[in-house]
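Residues are numbered in my numbering as their position in the sequence shown, beginning at 1, plus a constant of 163. Every residue gets a Cβ at the ideal spot worked out from N, C-alpha and C, and that includes glycine. First comes the structure, then the notes that go with it.
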Amino acid sequence: MDLVKSVVYPAEVVALFKFKLGQCDSVTAKSQQADAETDLGTCYVFLDKTSRSFAAVIRKLDPKLRDAVCLFYLVLRALDTVEDDMTIDKDEKIVLLQNFYKYLQQHQWKYEKSQEKDKQVLEQFPVISSEFRKLSTEYQAVISDICQKMGNGMVKYLDRSPDSLDEWDEYCHYVAGLVGLGLSQLFSISGLESAKVGEDSTTSNSMGLFLQKTNIIRDYLEDVQDERHFWPQQVWGKYSSEMLALSEPSRLPDALSCLNELVTNALHHIPDVISYMARLQDQTVFNFCAIPQVMAIATLERCYNNPHVFSGVVKIRKGEAVRLMMEATNMKKLYAIFVYFLHQIKLRIPSEDPCQARTHAIIDKCLSLCQTDNTFSVTSYASTMYASATLLAATVCYNYGTALVDILV
Ligand code: IN0
């Protein structure tokens, strides 16, 4: 099915074949360590179950960092599962969120009443916490500190939505910006990245905000259907008296203006994302950080001025995701990807959009940052893959002959 959706995009077909044939080993790793014979092995099994393709990217991290990031990811998933579980009584949830960081040091602590899809990480928390306590004390301190701050932040927004844009940034800081701060500190402690990476909280916060705002924008329908909303009232209030009304077909023009304003807001994090990425030195850290960012810009481009945000799920194709994952391996290619998607948005800015001047301005600013040392990037992501696609496809066909039939089904 993934292949069918990508059939008119030759570069994606090639990317999907390479992925299936395990030829994208430099950015993803297939199930090593995913044996449940040790507690650490079990943690990697949990990781596979919770984060799908991203688990493979974590496994590719340098061994100095891999386990710390795997455990950070699982601990955060456990915290997030508590926050999301609407069946947990409010007072109990407050206690759980505020004390969560302490549970990391309690050998027996687990939570067995969750109804969420990732409840396993809470039910089997002792497996995760025992591995956490084997990390160096410096790694433990970073993860514990982030959990404490995030738990308190989640309590602040437990029964309310972010209203102003400042609150939107604050909420996203708690649930994603702090992840950026924690990861950056882990990178610096590992010695793989400079001390500056862990010290610059502004750019690491922006890395998280860009991802989280993209998720919030994309998940409009799912969230309103669950009677939650994370779009800031300061913006939607300009276009509608109720958040849910934006999904009524008659309100589509206002809904799109609102959507476009939020996408424009999210694009403002790109300059920091670029500064952060340009500072990274280790290849495995670079890939790990770049992949979610390129998925985010591709998702924002797909969402921009797109009525489907209000009627269904807007997603990038699997072929597109695999291709981006394989491409985002150095700064020049990262610039090319950003330039490509920013141009795509720019081409679709409606002339009557209330926010169009701001959208043009931030896109032009980002484009000039990307093009400073990369003059030919505009065409590279769009065309080089197409040029190589035929050659690569021919090689795959030649090498694998009838095996292609197996791959296709
Ligand atoms: C993440 C981030 C993440 C990775 C690398 C660098 C980061 C820097 C700052 C902030 C976050 C960073 O990436 C993951 C990506 C992910 O999980 N993708 C999912 C896709 C999906 O739909 O769920 C996948 O299965 O592939 C991410 O989204 N978050 C995350 C959580 C923990 C860690 Cl350690 C790293 C979640 C969030 C809320 C955006 C921070």
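I want to check one thing, is the minimum distance from the CB of residue i to the heavy atoms of the ligand IN0 below 8 Å?
i, result
"E455", "The question names Glu, yet the displayed sequence has Pro at residue 455. P455: yes, Cβ under 8 Å from the ligand IN0."
"N493", "no"
Measure the beta-carbon distance from residue i to residue j and round it to whole angstroms, keeping in mind my assumption that it falls under 8 Å.
i, j, result
"E279", "D322", "In fact, because the Cβ distance is near 18 Å, the residues do not count as touching under 8 Å."
"N574", "P513", "Within the shown structure, residues of the chain are numbered from 164 to 572, placing residue 574 beyond reach of any answer."
"G316", "G343", "About 14 Å separates the two Cβ atoms, so there is no contact after all."
"L285", "K273", "6 Å"
"V387", "M406", "6 Å"
"L355", "L234", "Not quite, the Cβ-Cβ distance comes to about 17 Å (not below 8 Å), so this is no contact."
"R240", "D211", "Going by Cβ atoms, the distance from R240 to D211 rounds to 12 Å, so no, they are not a contact pair."
"S369", "S347", "Actually they do not touch by this definition, with Cβ atoms about 11 Å apart."
"I454", "A491", "6 Å"
"C310", "L242", "6 Å"
"C466", "V477", "5 Å"
"S307", "D202", "So it is not a contact: roughly 19 Å between Cβ atoms."
"N423", "C529", "That pair is no contact at about 16 Å."
"V318", "Q261", "6 Å"
"F295", "L259", "Rounded, the Cβ-Cβ distance is 17 Å, inconsistent with contact."
"Y302", "L349", "6 Å"
Should residue i go down as buried or exposed, given a rule of 16 or more other Cβ atoms within 10 Å for buried?
i, result
"K376", "buried"
"T213", "buried"
"A418", "buried"
"A174", "buried"
"A499", "buried"
"R391", "exposed"
"P395", "buried"
"V559", "Because the pLDDT at V559 is just 44, under 50, the model does not fix this residue reliably, and the value given afterwards should be weighed accordingly. Classification of V559: buried, given that the 10 Å Cβ count is 16 or more."
"M458", "buried"
"T300", "exposed"
"G314", "buried"
"P412", "exposed"
"E141", "Residue coverage of the chain in this structure runs from 164 to 572, which leaves residue 141 outside it and unanswerable."
"K265", "exposed"
"K253", "exposed"
"Q112", "Outside the shown range of the chain, which is 164 to 572, sits residue 112, and nothing can be said about it."
"S353", "buried"
"A218", "buried"
"A484", "buried"
"P226", "exposed"
"V502", "buried"
"S540", "Since pLDDT at S540 reaches only 46, below the 50 mark, its modelled position is unreliable, and the value read off the structure follows with that caveat. Buried, since its Cβ has 16 or more Cβ neighbours within 10 Å."
"T365", "exposed"
"T535", "exposed"
"D389", "exposed"
Have a look at the options and flag the residue whose alpha-carbon is nearest the alpha-carbon of residue i.
i, options, result
"R450", "A199, A218, L224", "In the sequence under discussion, the amino acid at residue 450 is Asn, which differs from the Arg named in the question. Measuring from the Cα of N450, the nearest candidate turns out to be L224."
"I460", "L497, G482, R442, L443", "L497"
"M488", "S216, G354, T201, A199", "S216"
"V208", "E411, I291, E424", "I291"
"L337", "L374, K528, Y544", "The amino acid at residue 337 is misidentified as Leu; the sequence shows Tyr. Y337 has its Cα closest to that of L374, out of L374, K528, Y544."
"G345", "D435, E333, D252, A304", "A304"
"R511", "Y383, S420, R222", "S420"
"F473", "S438, L409, E483", "L409"
"S655", "Y236, T244, P289", "Residue 655 falls outside the range modelled here, since the chain spans only 164 to 572, and no answer is possible."
"H432", "E200, G340, D202", "G340"
"I221", "F393, V448, P517", "V448"
"P434", "S531, A545, D252", "S531"
"M494", "Q283, A520, M440", "M440"
"D382", "F288, A199, H471", "H471"
"N378", "I508, V232, I479, R521", "I479"
"K359", "Q444, Y503, V238", "Q444"
"V232", "T250, C206, K509", "C206"
"D326", "K401, Q287, Q283", "K401"
"A545", "A199, Q397, V238, H506", "H506"
"E398", "I508, Q446, D329", "A quick correction: the sequence has Val, not Glu, at residue 398. Among I508, Q446, D329, the Cα nearest to that of V398 belongs to D329."
Could you check whether the Cβ of residue i sits closer than 8 Å to any heavy atom belonging to the ligand FAD?
i, result
"K495", "As presented, the structure is devoid of the ligand FAD, carrying the ligand IN0 as its sole ligands."
Strictly under 9 Å for the Cβ-Cβ distance: is residue i near chain C by that measure?
i, result
"Q283", "The structure shown has no chain C; it contains just one protein chain."
Residues whose Cβ lies closer than 6 Å to any heavy atom of the ligand IN0, in chain order: S214, R215, S216, F217, V232, F235, Y236, L239, V338, A339, V342, G343, L346, M370, G371, L374, Q375, F451, C452, P455
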